[in-house]
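>
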Amino acid sequence: MSAMTQKRVVKPQERIPEIPEKIFLFRSCTGSMEYPGTENCVEYVLKKLGIEVIKDPDQSCCSGYILTCSGHIAEPSLAVTARNLALVEQRYGLDTYVFCNGCFGYNKELKHIIDHHPEYKKMCNDLIAQWGYHYEGKSTVYHVQELYYLLLDRIKENVVRPLTGLRVAAHYGCHYLAQQYGILDEGDLPTFHEEIYTALGATPVFYKERRMCCGYAVGRGFTHPENVVQPHLAKKFDSAKEEGVDIMTTTCPGCNVALDREQPKLAKRGFGPYDIPVVDLGQLIALAFGAPIESIGFNANSTSVDPILKKLGLGKGDK
Amino acid sequence: MPRENMTQWDDKLYQKVDRYNLVPNLDECLQCGKCTGNCPVAALHPSYNPRQIVHDILLGEVDRVLQSEEIWRCLWCANCYRVCPVDIHYPLLMMQLRYLALENGYGLKYVTPINKYAYRSLECGLTFVPGQKGIDKIKGLREGIGVDPWPKVSKKAIHEYGEIFKQTGAYDWMKALDEVQAKGEEKPVTLTFLGGRLVDERYDTEEGS
Numbered sequence: 001m002s003a004m005t006q007k008r009v010v011k012p013q014e015r016i017p018e019i020p021e022k023i024f025l026f027r028s029c030t031g032s033m034e035y036p037g038t039e040n041c042v043e044y045v046l047k048k049l050g051i052e053v054i055k056d057p058d059q060s061c062c063s064g065y066i067l068t069c070s071g072h073i074a075e076p077s078l079a080v081t082a083r084n085l086a087l088v089e090q091r092y093g094l095d096t097y098v099f100c101n102g103c104f105g106y107n108k109e110l111k112h113i114i115d116h117h118p119e120y121k122k123m124c125n126d127l128i129a130q131w132g133y134h135y136e137g138k139s140t141v142y143h144v145q146e147l148y149y150l151l152l153d154r155i156k157e158n159v160v161r162p163l164t165g166l167r168v169a170a171h172y173g174c175h176y177l178a179q180q181y182g183i184l185d186e187g188d189l190p191t192f193h194e195e196i197y198t199a200l201g202a203t204p205v206f207y208k209e210r211r212m213c214c215g216y217a218v219g220r221g222f223t224h225p226e227n228v229v230q231p232h233l234a235k236k237f238d239s240a241k242e243e244g245v246d247i248m249t250t251t252c253p254g255c256n257v258a259l260d261r262e263q264p265k266l267a268k269r270g271f272g273p274y275d276i277p278v279v280d281l282g283q284l285i286a287l288a289f290g291a292p293i294e295s296i297g298f299n300a301n302s303t304s305v306d307p308i309l310k311k312l313g314l315g316k317g318d319k
Numbered sequence: 320m321p322r323e324n325m326t327q328w329d330d331k332l333y334q335k336v337d338r339y340n341l342v343p344n345l346d347e348c349l350q351c352g353k354c355t356g357n358c359p360v361a362a363l364h365p366s367y368n369p370r371q372i373v374h375d376i377l378l379g380e381v382d383r384v385l386q387s388e389e390i391w392r393c394l395w396c397a398n399c400y401r402v403c404p405v406d407i408h409y410p411l412l413m414m415q416l417r418y419l420a421l422e423n424g425y426g427l428k429y430v431t432p433i434n435k436y437a438y439r440s441l442e443c444g445l446t447f448v449p450g451q452k453g454i455d456k457i458k459g460l461r462e463g464i465g466v467d468p469w470p471k472v473s474k475k476a477i478h479e480y481g482e483i484f485k486q487t488g489a490y491d492w493m494k495a496l497d498e499v500q501a502k503g504e505e506k507p508v509t510l511t512f513l514g515g516r517l518v519d520e521r522y523d524t525e526e527g528s
C-alpha cells in the first residue's frame, strides 16, 4: 500500500485505452433518490456518445463511506464491494462505470485493498461463494467523467443547445482527485471539467476554494454540522460568489446534496445568500445536448435552477 | 488539557489502532505537517491537527487521542493523503481510530444516528433511504422525469446485502452500539487539542477555543 508503483495522473487514453462499446453502469443510491435526474442524464449522455449501458437490479448499494468511516466495521463493506464487482465480471465481463465519486472512491479503494491483501480476498470470496459469486478483480472501476473527457470530440459534435454566456464553476469532489493512482488530473489544479464546459459553449470560472471538500462525508448530518460543515461551506461559496458563478457542477450526488441542500440552511445562519444552483455534470451536458428539460430533473434541487434556464432562454414560457 | 496531565500511555496503541493493517507505514511519518496545511477542517479549527494526532498515536497517548472530540471532525476528504510525501493513508487511520474509540465507549453519539439509515439499507439495499414522506417525494420526482418510481433493487440483492451485514458481525456491532447508548454507558468526548493559530472570526463558532 505504501509504495506508489503506479502513475498517479494519466492521460484519458492511458486510463481507458479502448473506447468501450458497452459498459456496466453502477447506480448510486443518492443519485437515484435525491437527484433522480442524474442517473437519467448520465444514461442519456452516454447513449448520445454511442455507448450502450447495462444496469442490473442485483447490484446493491456500495455500502458507502457513511457506514464504514463513521464507525461501522469494515468487513461488510469489503464483502459488498467484492460481491458487486464479482457480479459484473461474472455476468457481463464488462468494466464498471460509476457516476458518483463516493461509489468510485469506495469501490476503487476497497478493490485495491482486496487485491493487495490475500487474506481479505479470501474472506470475501469465502463469504460470497454461498451465492455463487467469485471475485477475481477483472472489472476495473471507472468514473463516467473519465469517459466524457475521453470523448470530448463526440461531446462537441452533440451540442445542440450551446450554453453561451453561462458562467460555470467546477466542484471536482475529493474522492475522485484524492486517489492513489490512475486519475485524469492533478489534485491541486485540475482543469478537465473546465475543458468540458468550454466544449459545451459555457464560460468556465475559477474560484479560490474550488478544490475544497463539500463537507458531506460524515459531517453534514451528524457530526458537527454547525461548527465545522456550515462555516466550511460558507468559505467555499463566499469565494464562488466573488467570481460571479452562475452555476456549479459536481460529479458526485453526495457533493451535490451537501452543496445544494445546505444553501438554505447557510442563509438562515446569516451566510450568503448565495443562490448558486448545483447540478451534476451529466445534467449540464444533457442540457447542452438538447434533452427535454423535464427529463433532466432540475426540480429536485433545493436551490432553484430556474434563473439559469431563464438566462439561457429555456424558462417557462420561453421556447 | 496540558500534555503533562495525561498519564495513561500505551506503547502498543499504533498496533491496536491499525487492526486491519491498512496503514503499515505510519511510523515513516516525517511530521512535516503537509496534511494539516491541506486540511479544510484544520483551516477552521486549529484544535484539529492531523499531524498532532499521528504523533500522539505513535507516542501512544491513549486517553488524549481516544477521548478527543477532534477525531470525529474529519470530513474524510483525503487531501492529507493526497499530499503526504510518504503516502500515509490518514483517512483509513482515522476510520480505525474511530473503531477503537467506539469500543472504548467514546463518540457513540456521532455514530448511532446513522444506524437508522444502516438498518433501512438492510431492508432496501440502498443507503440514505429517508422516511415515508421523503420516499413519497422521491417517487413523485422520479415519475416526473419519466423513470420507475423507485430504483430497481432486486430481492436477491437486498437479501444478500443484509446477509453480508449479519454474517460479518456488522449487524451485531450496530446493535451493541445502540445498547451501550441505551444503558447510558457512553463516555463523554472532550476537546483535547487546544491552542494553535488564530482563525477568521467570521467562521468561528467554537466556544472556549
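One line per chain: the protein sequences are Z and V, in this order.
So the first sequence is numbered by the numbering used here: it starts at 1 and just counts up by one.
So the second sequence is numbered by the numbering used here: it starts at 320 and just counts up by one.
Every residue gets a Cβ at the ideal spot worked out from N, C-alpha and C, and that includes glycine.
All of these numbers come straight from a predicted model, not from anything done at the bench.
What does the Cβ neighbour count give for G219/Z, buried or exposed, with the cut at 16 atoms within 10 Å?
For G219/Z, the predicted structure reports a pLDDT of 48, less than 50, and the residue's modelled location is therefore unreliable. The matter cannot be settled from this model.
> Determine whether the beta carbon atoms of K108/Z and Q59/Z lie at a separation below 8 Å.
no
> Give the residues from the segment 360-372 of chain V that approach chain Z closer than 9 Å (Cβ to any Cβ), ordered along the chain.
V360, A362, L363, H364, Y367
> Across which residues does DSSP place H143/Z in a beta bridge pair?
DSSP lists V98/Z as partners of H143/Z.
> Are any of the Cβ atoms in chain V nearer than 8 Å to that of L49/Z?
no
> Relative to the C-alpha of P225/Z, which residue among I372/V, W391/V, C396/V is closest?
W391/V
> Between I376/V and chain Z, is there a C-beta pair that is closer than 8 Å?
no
> For chain V, check one thing: does any of its Cβ atoms lie closer than 8 Å to the Cβ of I114/Z?
no
> Hey, quick one: how far does the beta strand (DSSP E) through E442/V stretch, first residue to last?
That residue, E442/V, is in no beta strand (DSSP E); its alpha helix (DSSP H) goes 427-443.
> I'd like to know if L460/V contacts chain Z, where contact means its C-beta is closer than 8 Å to some C-beta of that chain.
Using a CB distance cut-off of 8 Å, L460/V counts as an interface residue toward chain Z.
> Indicate whether at least one CB of chain V lies closer than 8 Å to the CB of D58/Z.
yes
> Counting pairs of beta carbons, one from the segment 27-38 of chain Z and one from the segment 262-275 of chain Z, are three or more of them closer than 8 Å?
no
> From this set, Q486/V, Q451/V, I483/V, which residue's C-alpha is nearest W469/V's C-alpha?
Q451/V
> State the Cα-Cα distance for the pair Q334/V and L385/V, rounded to the nearest angstrom.
14 Å
> CB-CB under 8 Å to L94/Z, same chain, minus the five flanking residues each way: which ones, in chain order?
P20, K22, I23, F24, I54, V88, S139
> Among A74/Z, V278/Z, V279/Z, which one has its Cα closest to the Cα of Q486/V?
Ranking A74/Z, V278/Z, V279/Z by Cα distance to Q486/V puts A74/Z first.
> To the nearest angstrom, report how far apart K208/Z and L419/V are at their CA atoms.
37 Å
> Can you check DSSP and say which residues form a bridge with V248/Z?
The sequence given here places Met at residue 248/Z; Val does not occur at that position. Note: M248/Z sits in a beta bridge opposite A169/Z, V278/Z.
> Where does S387/V sit, in a helix, a strand or coil, going by DSSP?
Here S387/V sits in strand by DSSP.
> So, is the C-beta of D328/V closer than 8 Å to a C-beta in chain Z?
The question names Asp, but residue 328/V in the sequence shown is Trp. No - not a single Cβ of chain Z is within 8 Å of the one on W328/V.
> Looking at the structure shown, is F289/Z part of a helix, part of a strand, or coil, going by DSSP?
coil
> Tell me which same chain residues have a C-beta within less than 6 Å of the C-beta of L284/Z, skipping the five on either side of it?
T249
> Would you please state the rounded distance, in angstroms, between the beta carbons of I464/V and E294/Z? I believe it to be under 8 Å.
6 Å
> I'd like to check one pair, E243/Z with V205/Z: are the Cβ atoms closer than 8 Å?
yes
> Where does P264/Z land, buried or exposed, given buried means 16+ other C-beta within 10 angstroms?
In the assembly as shown, P264/Z is an exposed residue. Its beta-carbon has fewer than 16 other beta-carbons within 10 Å.
> Among the candidates K48/Z, G132/Z, C100/Z, M33/Z, whose CA atom is the shortest distance from the CA of Y172/Z?
C100/Z
> Taking the alpha-carbon positions, what's the T509/V to P365/V distance?
15 Å
> Just to confirm, is the Cβ distance from A300/Z to Y35/Z under 8 Å?
For the pair A300/Z and Y35/Z, the CB atoms are nearer than the 8 Å cut-off.
> Assuming L473/V and P277/Z are in contact, meaning their beta carbons sit under 8 Å apart, how far apart are those beta carbons, in whole angstroms?
In the sequence as presented, Leu is not what sits at residue 473/V; that position holds Ser. Between P277/Z and S473/V the Cβ distance is about 35 Å, and since that is not below 8 Å, they are no contact.
> Are the beta-carbon atoms of G37/Z and G254/Z separated by less than 8 Å?
no
> If I'm right that T96/Z touches V141/Z with Cβ under 8 Å, what's the distance once you round it to whole angstroms?
The pair is a contact, with the Cβ atoms about 5 Å apart (cut-off 8 Å).
> Just the chain Z side, please: which residues come within less than 9 Å of T509/V by C-beta, in chain order?
Chain Z residues near T509/V: none, gap ~14 Å exceeds 9 Å.
> Could you work out which residue in E136/Z, W131/Z, V159/Z is closest to I114/Z when comparing CA atoms only?
Measuring from the Cα of I114/Z, the nearest candidate turns out to be E136/Z.
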